[in-house]
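Numbering (my numbering), first residue to last: 209 to 387.
Have a look at the structure below before the remarks.
This is the structure:
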């Protein structure tokens with residue numbers, strides 16, 4: 209297989225697995241929006257590296273005969289998070305645009321208000337704090353989706369390193385032969 213074919217294959221698997229990860233994130237998001245008092249949404253979100261690692265193992269074992277380098281594992285993981293982030297951003301945009309009706313902005317404002325003492329201990333004045341809360345309330349659906357897209361890309365890039373390190377597998381070398 210040429211390098212170009214191998215890259216095309218990697219991207220194809222990463223697209224499919226990115227769709228699976230986007231479904232996990234969507235389920236997590238729905239759980240967080242419908243019942244934030246339960247921990248199901250957070251548990252699904254925390255499962256992301258395990259889902260990518262599981263899919264990396266499937267790609268390695270089924271498409272690459274059980275051998276994958278760290279570099280290829282890293283690229284696969286990054287692409288998987290990239291595709292999942294794009295799909296999930298579309299889902300979030302549609303939610304914020306047509307379903308949300310300001311619920312997420314209210315959650316942001318309530319969370320910020322609960323952290324008032326922490327912000328004040330960091331040197332924020334009341335005026336700065338009020339301006340920040342007001343600004344958070346004015347974010348448009350596309351801005352919110354873009355904000356989460358950037359966050360998912362950043363965390364995906366950071367998580368790709370340990371996932372790649374754990375998921376890589378070198379070819380077995382023949383050791384000493386007993387005669």
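From the three backbone atoms N, C-alpha and C, an ideal C-beta is built for every residue, glycine too.
Candidates the options: closest to residue i by CA position
i           : options               : result
residue 229 : 293, 312 and 355      : 293
residue 364 : 212, 211, 233 and 265 : 233
residue 211 : 280, 335, 358 and 314 : 280
residue 321 : 275, 216, 339 and 308 : 339
residue 324 : 369, 347, 341 and 311 : 341
residue 248 : 304, 236 and 213      : 236
residue 361 : 333, 287 and 350      : 287
8 Å Cβ cutoff met for residue i and residue j
i           : j           : result
residue 239 : residue 218 : no
residue 306 : residue 226 : no
residue 377 : residue 283 : no
residue 285 : residue 264 : yes
residue 255 : residue 301 : no
N- and C-terminal bounds of the alpha helix (DSSP H) containing residue i
i           : result
residue 235 : 211-242
residue 255 : Residue 255 -> no alpha helix (DSSP H), and no H or E assigned at all.
residue 345 : 334-345
residue 328 : 324-329
Paired residues, beta bridge with residue i - DSSP
i           : result
residue 377 : 276
Legend entry - Whole runs of the beta strand (DSSP E) within the region 277-319, excluding any shorter than 3 residues: Taking only runs of at least 3 residues, no beta strand (DSSP E) segment lies wholly in the region 277-319.
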